[in-house]
Amino acid sequence: MTRRVWNFSPGPAALPEPVLQRAQAELLDWHGTGMSVMEMSHRGADFMSVAAKAEADLRALLGIPSGYRVLFLQGGAQGQNAAVPLNLLPPGGTADYVDTGHWALRSIAEARRYGNASVAASAADRKYTYIPRQDAWRLTAGAAYVHVTTNETIGGVEYHWTPSTGDVPLVADMSSHILSRRIDVTRFGVIYAGAQKNIGPAGLTVVIVRDDLLGRARPECPSVLDYGAQARADSMLNTPATFGIYLAGLTFEWLIAQGGVDAIERVNVAKAERLYAEIDRSGFYRNPVDREDRSRVNVPFFLPDERLDAPFLAAAAERGLMQLKGHRAVGGMRASLYNAMPMAGVEALCDFMREFERTHA
Ligand SMILES: *Cc1c(COP(=O)(O)O)cnc(C)c1O
Numbered sequence: 056m057t058r059r060v061w062n063f064s065p066g067p068a069a070l071p072e073p074v075l076q077r078a079q080a081e082l083l084d085w086h087g088t089g090m091s092v093m094e095m096s097h098r099g100a101d102f103m104s105v106a107a108k109a110e111a112d113l114r115a116l117l118g119i120p121s122g123y124r125v126l127f128l129q130g131g132a133q134g135q136n137a138a139v140p141l142n143l144l145p146p147g148g149t150a151d152y153v154d155t156g157h158w159a160l161r162s163i164a165e166a167r168r169y170g171n172a173s174v175a176a177s178a179a180d181r182k183y184t185y186i187p188r189q190d191a192w193r194l195t196a197g198a199a200y201v202h203v204t205t206n207e208t209i210g211g212v213e214y215h216w217t218p219s220t221g222d223v224p225l226v227a228d229m230s231s232h233i234l235s236r237r238i239d240v241t242r243f244g245v246i247y248a249g250a251q252k253n254i255g256p257a258g259l260t261v262v263i264v265r266d267d268l269l270g271r272a273r274p275e276c277p278s279v280l281d282y283g284a285q286a287r288a289d290s291m292l293n294t295p296a297t298f299g300i301y302l303a304g305l306t307f308e309w310l311i312a313q314g315g316v317d318a319i320e321r322v323n324v325a326k327a328e329r330l331y332a333e334i335d336r337s338g339f340y341r342n343p344v345d346r347e348d349r350s351r352v353n354v355p356f357f358l359p360d361e362r363l364d365a366p367f368l369a370a371a372a373e374r375g376l377m378q379l380k381g382h383r384a385v386g387g388m389r390a391s392l393y394n395a396m397p398m399a400g401v402e403a404l405c406d407f408m409r410e411f412e413r414t415h416a
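Final position of the sequence shown in our numbering is 416; the numbers increase by one with none missing.
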């Protein structure tokens, strides 16, 4: 018998069960071809139709207008941390970065291999428990772009607003909350996300880039990271992550069947409210993030004594509540509530938390 657990992993994360079942059913013989999607030529009509459908569904879900290209690349979000300056930061130029925590710092460190990355604002002063308001940002006149990490997966802080950067392209690492909420794509120059949180399996990277930002790559930019070159090649300059694109496509179809991004956003709001209410209820559990900046999808929380961490995780695992250990940089617990986590999983976690509190307070 197959046993499925409530999987709160921050990534690679749980996928919707119907997606896995469909992939299983189609694994040996995709649509009468007698082969798996994994075994097809990426340039054949069958796979091209899979990729085209995935792109069309993603465009519909996020409302991506013409004037933007969707690229299905590899190298993860961290590959994009290099791709962004290699495409958009001219030699001698400066890019502005907003430091909201672990992943923003990784983006900054990577950009500094290629040029000037100025920290326009940092939340380090309060241990990354908030998003610096835009009126406190020190932006560079003539910056090549402004980079933000719109959801910090480890610290559990999220932008619930979109920065305004005028004519300067806004670049966003949306790895951990893309498709969890409605966004206005037209406010951004580049959006990128590793697939393994809310899109599909690890190995696929989704990049959404405005047309005027194509064709600006520096000569030394690796071709596979060159937005213009990849756009011209329909993301097939090298062999793309074919199975990842297929699974992402199945996830997009599933999301459309759920009612799309607006519908899943309502569920995500309800899930987050339920869990934060449980954390805030008694004072036994604690989340240090400013309320207005709390992430809906990554919820770190702490027990009153870290000696309770191991017993909490062990008792949770007995209930099938898995992968709740916080990142080592932060400690404590973290529940990731991406689209594939239903309200029932959050209810099960909250019931367990209440019982654990009763027996350990
Ligand atoms: C997971 C994550 C990354 C790292 O992604 P890779 O695909 O492993 O490079 C970067 N940024 C954010 C916000 C993430 O959540």
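Ideal Cβ placement from N, Cα and C applies to all residues, glycine included.
Practice task
Please name the residue in F298, R374 and E72 whose C-alpha comes closest to that of L83.
Solution key: F298
Problem - Local conformation of S278 per DSSP, three classes - result: helix
Handout entry: Among E402, Y152, E81 and M56, the one whose alpha carbon lies nearest that of R193
Key = Among E402, Y152, E81 and M56, the Cα nearest to that of R193 is on Y152.
Exercise for the section: Please indicate yes or no: does the CB of S230 lie closer than 7 angstroms to some heavy atom of ligand 1? Expected result: yes
Practice task
Can you grab the Cα-Cα spacing for the pair D364 / G89, in whole Å?
Solution key: D364 and G89 have their C-alpha atoms spaced approximately 49 angstroms apart.
Practice task
Using three-state DSSP, classify G134 as helix, strand or coil.
Solution key: Reduced to three states, the DSSP call for G134 is helix.
Problem - Check: T204 C-beta below 7 angstroms from any heavy atom of ligand 1 - result: Flag set: Cβ of T204 near ligand 1.
Problem - Reference I209; option with closest CA among R351, M398 and R413 - result: R351
Practice task
Enumerate in chain order the residues of its own chain whose CB-to-CB distance from V385 is below 7 angstroms, with the five nearest sequence positions on each side excluded.
Solution key: Taken in chain order, the residues that qualify are I209, G210 and P355.
Handout entry: Test item: CB-CB of F243 and L259 under 8 angstroms
Key = no
Problem - Unbroken beta strand (DSSP E) run spanning I254, endpoints - result: I254 -> no beta strand (DSSP E), and no H or E assigned at all.
Problem - Runs of alpha helix (DSSP H) wholly within the segment 92 to 158 (minimum 4 residues, chain order) - result: 100 to 117 and 131 to 143
Practice task
Give me the Cβ distance between A199 and T241, rounded to the nearest whole Å; I'm assuming they're in contact under 8 angstroms.
Solution key: Wrong, their Cβ atoms sit about 20 angstroms apart, outside the cutoff.
Handout entry: Straight-line gap, K182 to R188 (C-alpha atoms, nearest Å)
Key = 16 angstroms
Exercise for the section: Classify H215 as buried or exposed, calling it buried when 16 or more other Cβ atoms lie within 10 Å of its own Cβ. Expected result: exposed
Practice task
From the DSSP output, in three-state form, read off H232 for me.
Solution key: In the structure shown, H232 sits in coil (DSSP, three-state: anything other than H, G, I, E or B).
Problem - Burial state of M56 (16 or more Cβ within 10 Å) - result: exposed
Handout entry: Residue(s) in a DSSP beta bridge with N171
Key = T149
Exercise for the section: Report yes if the C-beta of W158 is less than 7 angstroms from at least one heavy atom of ligand 1; otherwise report no. Expected result: yes
Handout entry: Helix, strand or coil at W61 [DSSP, three-state]
Key = strand
Practice task
Answer yes if the segment 127 to 137 comes into contact with the segment 270 to 287, meaning at least three C-beta pairs across the two stretches below 8 angstroms, and no otherwise.
Solution key: yes
Practice task
Please classify A303: does DSSP put it in a helix, a strand, or coil?
Solution key: helix
Problem - Among L113, Y123, R287 and N206, nearest to A159 - alpha-carbon criterion - result: N206
Practice task
Compare the C-alpha of R374 against each of G99, E81, L141 and F411 and name the closest.
Solution key: F411
Practice task
In angstroms with no decimal places, state the Cα-to-Cα distance between A68 and F307.
Solution key: 16 angstroms
Exercise for the section: Flag G210 as yes when its Cβ comes closer than 7 angstroms to any non-hydrogen atom of ligand 1, and as no otherwise. Expected result: No, ligand 1 has no heavy atom inside 7 angstroms of this Cβ.
Practice task
Indicate the three-state DSSP secondary structure (helix, strand or coil) for T414 in the structure shown.
Solution key: Of the three classes helix, strand and coil, the one that applies to T414 here is helix, per DSSP.
Handout entry: Distance between E333 and A403 (C-alpha atoms, nearest Å)
Key = 12 angstroms
Problem - Residues bridged to V240 (per DSSP) - result: For V240, which the question treats as bridged, DSSP gives no partner whatsoever.
Practice task
Compute the minimum distance between the beta carbon of K252 and the heavy atoms of ligand 1, and state whether it is under 7 angstroms.
Solution key: yes
Practice task
Check whether the Cβ of G255 sits closer than 7 angstroms to any heavy atom of ligand 1, and report yes or no.
Solution key: no
Exercise for the section: Indicate whether the contact test is met: 3 or more Cβ pairs, each with one atom in the segment 315 to 326 and one in the segment 388 to 402, closer than 8 angstroms. Expected result: yes
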